[in-house]
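Report on one structure; see the data block that follows.
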Amino acid sequence: MKMKQRKANKVLIAIMVILLVSTSISLLFAQAEGEKKGDKVTVYRLGYGGAVTNPRHLAAEKFAKYVNEESNGTVRIDLFPSEMLGTDSEMVEMASMGSLDMTINAVGVVANYEPKIAVFELPFLFDSYEKVDKVLDSPLGMGLLESLPAQGIRGLAYWENGLRQITNSKRPIESPSDLQGIKLRTPENNMTLAIFRALGAKPAPLAFSELYLALSQGSYDGQENPIANIHASRFNEVQKYLTISNHKYESLVFLVSENVWKKMSQEHKDLIGSAAKQFAQVHRNMVRDAENEMIKDLESKGMMVSRPNLVPFVNATDSVYKQFEPVFGKDLIEQVRALASN
């Protein structure tokens, strides 16, 4: 497996912040609440990206409320959205080290720990959300989470980022040739980089928390994200063109630090494990139900929305499947494609 690239200084800083500030304060309040109720309150910290208006945060709030209520107030989930604790990569790294309890993070980042899980991100693999659910929740999909505990993290369920779309400030994207010369922000994701190199763009990774400023300053021409992220982050304020490309589906994985999991009571494991699965579907539905209305809202605020013929894009990225055969194996790719096409 490819060695994980660690940003040691940032991780250590994030750990110090959590240990010295967040954890101490959380435990202090938890102790006070516990004294009032006569019960011990256990606090778990859940970090993730996405703005507070993003469905990921809204679903996480529902998850946290449910866990607190079902535990009669003895379990509290403290939420840290908007990359408050670090980038996606840093949060997964922290969870693997045991310094962050939980994170809801992109499959592309989790692929640093189990490369085969990124098979779901192959370009234009899914043409409907029904097929997404069929593949992710299948024995094949859930089976790809089984190797993660050996890497210090445990995957409980697949949440959702959604089908990804392109925005830019230069021109409508009607064919792959329109992407030529476009400097496009991507996450630190090998699949996304490969897709946009194949399409002729100039992809360059950047932390999501820095993206709005980079777009407003013109240091990047465009970016690609699910509609929920585009809408919640108000990219319409700094981007003129939205292309419904559906170039890649991106799931999120609800992760728990394996060190933390091992120390949990069985009662907490059962509660958090079942809640993560229950609210995975809640989150998926929230993302999907809102997409069309979000697109209409972006359009009403001045974005030009295009829906190009995707066949040339599909053909241009066909080489990506071959490129990732050494990572996923030809058999796994064929199994996933077969499931996704039925």
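In our numbering, the protein residues as written are -7 to 334. The C-beta atom is built at its ideal place from N, Cα and C for all residues, glycine as well. As the structure is a prediction and not an experimental result, all values here were calculated from the model.
For the pair the segment 178 to 198 and the segment 106 to 121, tell me if three or more CB-CB distances fall below 8 Å.
Enough Cβ pairs lie closer than 8 Å, so yes.
Between the alpha carbons of Gly214 and Asp170, how many angstroms are there, rounded?
Gly214 and Asp170: Cα-Cα distance of roughly 12 Å.
Roughly how many angstroms separate the alpha carbons of Ala272 and Thr95, rounded to a whole number?
Cα to Cα, the separation comes out at about 13 Å.
Considering only C-alpha positions, which residue in the set Leu38, Asn46, Thr34, Asp31 is nearest to Glu217?
The displayed chain sequence assigns Asn, not Glu, to residue 217. That would be Asn46, whose Cα lies nearest to the Cα of Asn217.
Measure the C-alpha to C-alpha separation of Gly339 and Ser333 and round it to an integer number of angstroms.
Absent from the model: residue 339. The displayed extent of the chain is -7 to 334, so no value can be given.
Here's the rule: buried if 16 or more other CB atoms are within 10 angstroms of the residue's CB, otherwise exposed. What is Asn104?
That one is buried.
So what does Leu244 bridge to, in DSSP terms?
Ala98, Trp151.
With H, G and I counted as helix, E and B as strand and the rest as coil, what does DSSP make of Met295?
DSSP places Met295 in coil when its eight states are reduced to three.
Taking the C-alpha atoms as reference points, what is the distance between Lys54 and Gly173?
Cα to Cα, Lys54 sits roughly 42 Å from Gly173.
Hey, would you say Leu244 sits closer than 9 Å to Lys108, going by beta carbons?
It is not a contact, given that the beta carbons lie outside the stated cut-off.
Please report the residue range of the beta strand (DSSP E) in which Glu216 lies.
Here the beta strand (DSSP E) through Glu216 covers 214 to 218.
Using only the alpha-carbon positions, how far apart do Val9 and Ser249 sit?
Unreliable placement is indicated for Val9, whose pLDDT of 46 sits below 50; the coordinate value is still reported in the next sentence. Straight-line Cα distance between these residues: approximately 18 Å.
Are the Cβ atoms of Gln315 and Ser237 separated by less than 9 Å?
Their beta carbons are not under 9 Å apart, which means Gln315 does not touch Ser237 by this criterion.
What is the rounded straight-line gap between the Cα of Met286 and the Cα of Ser225?
Between Met286 and Ser225, the C-alpha separation is close to 12 Å.
Excluding the five sequence neighbours on either side, which residues of its own chain have a C-beta within less than 8 Å of the C-beta of Val84, listed in chain order?
So the qualifying residues of the chain are Thr95, Asn97, Val101, Val102, Asn104, Tyr105, Ile145, Leu247.
Quick one: measure Cβ to Cβ for Leu290 and Ile222, integer angstroms, because I've assumed they're closer than 8 Å.
The pair is a contact, with the Cβ atoms about 7 Å apart (cut-off 8 Å).
Taking 9 Å as the cut-off, decide whether the C-beta atoms of Ala206 and Tyr212 are in contact.
Yes, these two residues count as a Cβ contact at 9 Å.
Would you list the residues sitting across from Gly39 in a DSSP beta bridge?
BP columns for Gly39 point to Phe72, Thr95.
Inspect the CB distances between the segment 251 to 270 and the segment 52 to 67 and report whether three or more fall short of 8 Å.
Yes, the segment 251 to 270 is in contact with the segment 52 to 67.
Using three-state DSSP, classify Gln270 as helix, strand or coil.
Reduced to three states, the DSSP call for Gln270 is helix.
Comparing the C-beta of Lys322 with each C-beta of chain C, is any distance below 9 Å?
The chain inventory of the structure shown lacks chain C, comprising one protein chain alone.
Classify Val111: buried if its beta carbon has 16 or more other beta carbons within 10 angstroms, exposed otherwise.
Under this definition Val111 is a buried residue.
List the whole-angstrom C-beta distance separating His275 from Ala51, where the pair is believed to meet the contact cut-off of C-beta under 8 Å.
About 4 Å separates the two Cβ atoms, so the contact holds.
Distance, Cα to Cα, Thr178 vs Ala193?
Cα to Cα, the separation comes out at about 11 Å.
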